[in-house]
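Working notes for the structure below.
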């Protein structure tokens, strides 16, 4: 078993330059998961900024890298009192593959510091023990789907465009704000609950990390809103085991539909 | 009266380098509106990519520029069959102020090409003629608030964290996909419907442009989900006069709350 910490490891070769290795098992149809690549960029940003937590991360996916060696370049664009901004690129064979902008800060420990929230912890998600393990993509991840949104696995999508369930890392590794970047892109596409198409490649992904997650599995909800011009949007909400909303994300992806 | 086309105009000085002028009236407390700056970056991306429509745009706001001259640098990172990716920066006094990543394409005309949609046109928004003109920020814009979400203007926010209403440009200039980048950041902050704080500066803004808008005023909904660690998120949905969802956006902003 390879842990997420291992497969997303980066090594600094000089200030602002890193090498990493895209693991062949963390792919879908041979293409590395977008959240996995973003977590590598997140690790590079932690290093160059000297701040532990990505807070707002935007990535544009130019060309998918193949499994194998990649390089990361990361540069601090501004360093302020409580946050820094970083611009980073994941490169393979001299060609940029993912461009990202990352705002880095320190979210502190334990206290989620919620001043106001629209959402109460999403108690509507079925308890993990009553969910079904989903396999088929990135089986290293423990993805458990709420039965109400697992219809697509047996050819019966609900048509609502929403999947929900639970997520864990291999070996019960604890999530942090960097691995939350994987979590927001780990579920099957919400559009599978409309139509079980071929793969839905991410072209843009933005994530806001709102608190460090408590240990334990995450509750995840992904939701599509509109399919048009061959593209689908998807929002993602992630709550930790204590019920705190720890990540919000949105992505735009390509889709062949119907 | 200055039109939006005028105040967001850019001039190319050499390939990939542009000058522009931030208009002092398109500011809030002396700081230019984030969507206004993003539209300038959008215009530069149109030029360098040779494609008419921003489709996915992510911006990180590093330091606010002052009104006056700015420079824009824009570089094509990938040019594909149907889309190009651009990296652009707005600069003042030699210092980066806004970093952006833009995916450019051609959304075609007229046909919104909707294959599936969660949202029906948002008929819940009160007709424009029954809304109240909101003044106080960027009075060039015609912002009309639904009475149900205008409570904050008289000291009675609803507490729901949601504003809705209508938006028009000065002189009834028609919106296009570039000026939609202004539209997604033109409304007062959704958090004003929770607490009428001081200004809420955007740190990250991501917009998806889903179709070219039909002529006429836009319907806008902004909505906050979580205030924590001194930051608030806000989602924005924009429908054109034909009821098509033309833009979706999310932003993270700083807030002093309560």
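Chains as they are written, first to last, in the numbering used here: chain A, -19 to 238; chain B, -19 to 238. All C-beta atoms, glycine included, are put in the ideal place defined by N, C-alpha and C. These numbers were taken from a predicted model, which means no experiment stands behind them.
So, are the CB atoms of residue i and residue j less than 8 Å apart?
i, j, result
"residue 227(B)", "residue 185(B)", "no"
"residue 172(A)", "residue 114(A)", "no"
"residue 208(A)", "residue 94(B)", "yes"
"residue 97(B)", "residue 232(B)", "no"
"residue 53(B)", "residue 66(B)", "no"
"residue 82(B)", "residue 68(B)", "yes"
"residue 9(A)", "residue 182(A)", "no"
"residue 37(B)", "residue 71(B)", "no"
"residue 121(B)", "residue 80(B)", "no"
By how many angstroms is the C-alpha of residue j removed from the C-alpha of residue i?
i, j, result
"residue 40(B)", "residue 145(B)", "26 Å"
"residue 159(B)", "residue -18(A)", "47 Å"
"residue 175(A)", "residue 210(A)", "13 Å"
"residue 130(A)", "residue -14(B)", "52 Å"
"residue 76(B)", "residue 22(A)", "21 Å"
"residue 134(B)", "residue 234(B)", "23 Å"
"residue 107(A)", "residue 143(A)", "14 Å"
"residue -16(A)", "residue 222(B)", "47 Å"
"residue 217(A)", "residue 164(A)", "7 Å"
"residue 74(B)", "residue -6(A)", "26 Å"
"residue 154(A)", "residue 198(A)", "10 Å"
"residue 62(B)", "residue 238(B)", "47 Å"
"residue 128(B)", "residue 177(B)", "19 Å"
"residue 118(B)", "residue 12(B)", "10 Å"
"residue 213(B)", "residue 7(A)", "31 Å"
"residue 16(B)", "residue 112(A)", "47 Å"
"residue 57(A)", "residue 20(A)", "19 Å"
"residue 116(A)", "residue 179(B)", "47 Å"
"residue 194(B)", "residue 236(B)", "38 Å"
"residue 78(A)", "residue 64(B)", "13 Å"
"residue 139(B)", "residue 139(A)", "32 Å"
Would you grab the beta carbon distance between residue i and residue j for me? Rounded to a whole angstrom, and I think it's under 8 Å.
i, j, result
"residue 196(A)", "residue 170(A)", "Going by Cβ atoms, the distance from residue 196(A) to residue 170(A) rounds to 24 Å, so no, they are not a contact pair."
"residue 84(A)", "residue 34(A)", "6 Å"
"residue 105(A)", "residue 167(A)", "Incorrect: roughly 12 Å between the Cβ atoms, too far for contact."
"residue 187(A)", "residue 162(A)", "The Cβ separation is near 10 Å, so there is no contact."
"residue 239(A)", "residue 192(A)", "Examination of residue 239(A) is not possible in this model, given that chain A is present from -19 through 238 alone."
Considering only C-alpha positions, which residue in the set the options is nearest to residue i?
i, options, result
"residue 156(A)", "123(A), 81(A), 219(A) and 177(A)", "219(A)"
"residue 110(B)", "79(B), 72(B) and 126(B)", "126(B)"
"residue 215(A)", "223(A), 221(A) and 229(A)", "229(A)"
"residue 25(A)", "6(A), 7(A) and 59(A)", "59(A)"
Does at least one heavy atom of the ligand GDP sit under 7 Å from the Cβ of residue i?
i, result
"residue 122(B)", "In the structure shown, the ligand GDP is absent, as is every other ligand, since no ligand is present at all."
(request) Check whether the region 37 to 54 of chain A touches the region 2 to 19 of chain A, counting contact only when three or more Cβ pairs, one atom from each stretch, lie closer than 8 Å. (result) Yes, the region 37 to 54 of chain A touches the region 2 to 19 of chain A.
(message) Quick test of the definition: if touching needs 3 or more C-beta pairs under 8 Å, does the region -15 to -6 of chain A touch the region 189 to 205 of chain A?
(response) Between the region -15 to -6 of chain A and the region 189 to 205 of chain A, the count of Cβ pairs shorter than 8 Å is below three; the stretches do not touch.
(request) Evaluate the contact criterion for the region 146 to 158 of chain B versus the region 25 to 41 of chain A: three or more CB pairs, one atom per stretch, below 8 Å. (result) Judged by Cβ distances under 8 Å, the region 146 to 158 of chain B makes no contact with the region 25 to 41 of chain A, as fewer than three pairs qualify.
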